[in-house]
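Those letters in the sequence shown? Residues 353 to 687, per my numbering, in order.
Virtual Cβ for every residue (Gly too), placed ideally from N, Cα, C.
Computed from a prediction, not measured in an experiment: that's the story for all the values here.
Single-structure report; data block below.
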Amino acid sequence: MLDQPPATPARAAITAVSSYVPERVLTNADLSQRLDTSDEWIFTRTGIRERRIGAPGETTSMMGAEAVRRLMGRRGLGADEVDAIIVATVTPDMLFPATACLIQDQLTLSRAWGFDLSAACSGFLYGLTVGAQLVASGSHERVVVVGADLMSSIIDPLDRTTAVLFGDGAGAALLERAESGYGILDFHHRVDGSGRNDLMMPAGGSLLPPSMATVAARQHFLKQNGRAVFKFAVTNMVESVQVLLERNGLAASDLAMVIPHQANQRILDATAQRLGLPCERVATVLAAYGNTTGATLPLALDDVVRNGRIARGDLVMFTAVGAGLTSGATLVRWQ
Ligand code: ACO
């Protein structure tokens, strides 16, 4: 990666955002009926009160399509006005075809090409970066980036250490050419594959194709080393933000809002503290939705925008970490 901000003169801006969550609410009290856990344990350790769970038969592409439908409605876009769709997800409807193709078909986006991007909880951030390059190059007018995950499809309902953390949801952002001085100013992304075993789903890929044995061993569920991920998350979100602040001659106090990946309120509090930011400037929707993986950033952004917590000209920092291990940050002057 470059040590300098990208020199591309043209930029992309997020010109609309939307989100969708399923109706069904699963509270901590509901979970404590079937697992050895409690609302008190879950809330004090994670900040989560409840999460949404997809209806029977509801899929990641359906949630993503609904988020995109809302996005297009907000911007008044027709089905022939989207040039590309990038979907960040770890729970595609199937290994292939890509969820982007399924959403394209559900919404009959007649001009759009697209693909899925696998970077777990950093996926939406990475999608913004890729989509922004397509727009900045001048080859694409409108790119839609979707973050969508039906985490309930890969969570072991019997594992209290993970079942309490995750929820289902989707969000989408529209990228268009930015006005001068606005939009996505800079990004910094990293992967550290040495941490690949800290957060993963062991079976279902070419390493361990599905078999009776993998199902019996519950290897089609998410596994994680919670403490290792916690440490990685705080260290790498703080570092990524600091790289961008330094490279752009900014202080943390210049940021109107930090929009971090929503994994655990304690991770967010520690990140805010290390950056010297008041908690009010760190977006959180954890209590209502839990960790929705690819969807956390657009869910949090949509919440911040709908509540008027950022204004034109504000500096907004996105940051995320995820399985891989992946991490990064993106600096935006809000248009
Ligand atoms: N209810 C009650 N007790 C529980 C539960 C639960 N749901 N889960 C674990 N415990 C128990 C453990 O078994 C352990 O008991 P023991 O001491 O008898 O062995 C005790 O609580 C403490 O467990 P720890 O794992 O040490 O708890 P910790 O304070 O580290 O919190 C947690 C665990 C919440 C998973 C935390 O490590 C965390 O949030 N890590 C980040 C991981 C994460 O958010 N991953 C999501 C994906 S990553 C991403 O999005 C980037």
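Check	Outcome
Cross-strand partners of lysine 575 (DSSP beta bridge)	Met552
Endpoints, beta strand (DSSP E) assigned at tyrosine 372	364-372
Backbone secondary structure at arginine 426 - three-state DSSP	helix
Distance cut-off 8 Å: alanine 407 Cβ against heavy atoms of the ligand ACO	no
Reduced DSSP secondary structure (H/G/I, E/B, other) of asparagine 588	helix
The ligand ADP heavy atom lying under 8 Å from the CB of valine 684	Among the ligands in the structure shown, the ligand ADP does not appear; only the ligand ACO can be found there.
Proximity of arginine 542 and asparagine 588 at Cβ, strictly below 9 Å	yes
Leucine 537, enclosing beta strand (DSSP E) - first and last residue	535-543
Among Asp544, Leu574, Met609 and Thr481, nearest to leucine 526 - alpha-carbon criterion	Thr481
Cβ pair serine 679, phenylalanine 584 closer than 9 Å	yes
Valine 498 vs isoleucine 536 beta-carbon contact at 9 Å	no
Beta carbon of arginine 494 nearer than 9 Å to that of histidine 540	no
Endpoints, the alpha helix (DSSP H) within which glycine 479 is located	475-488
Top-ranked residue by Cα proximity to serine 489, from Ala362, Ala440 and Asp621	Ala362
beta-carbon glutamine 393 near the ligand ACO non-hydrogen atom, thresh 8 Å	Note that residue 393 is tryptophan in the sequence shown here, rather than glutamine. Within the cutoff, so yes.
Nearest-angstrom Cα separation, counted from isoleucine 366 out to aspartate 655	15 Å
Backbone secondary structure at leucine 387 - three-state DSSP	coil
Beta-carbon proximity of alanine 417 to glutamine 458, cut-off 9 Å	yes
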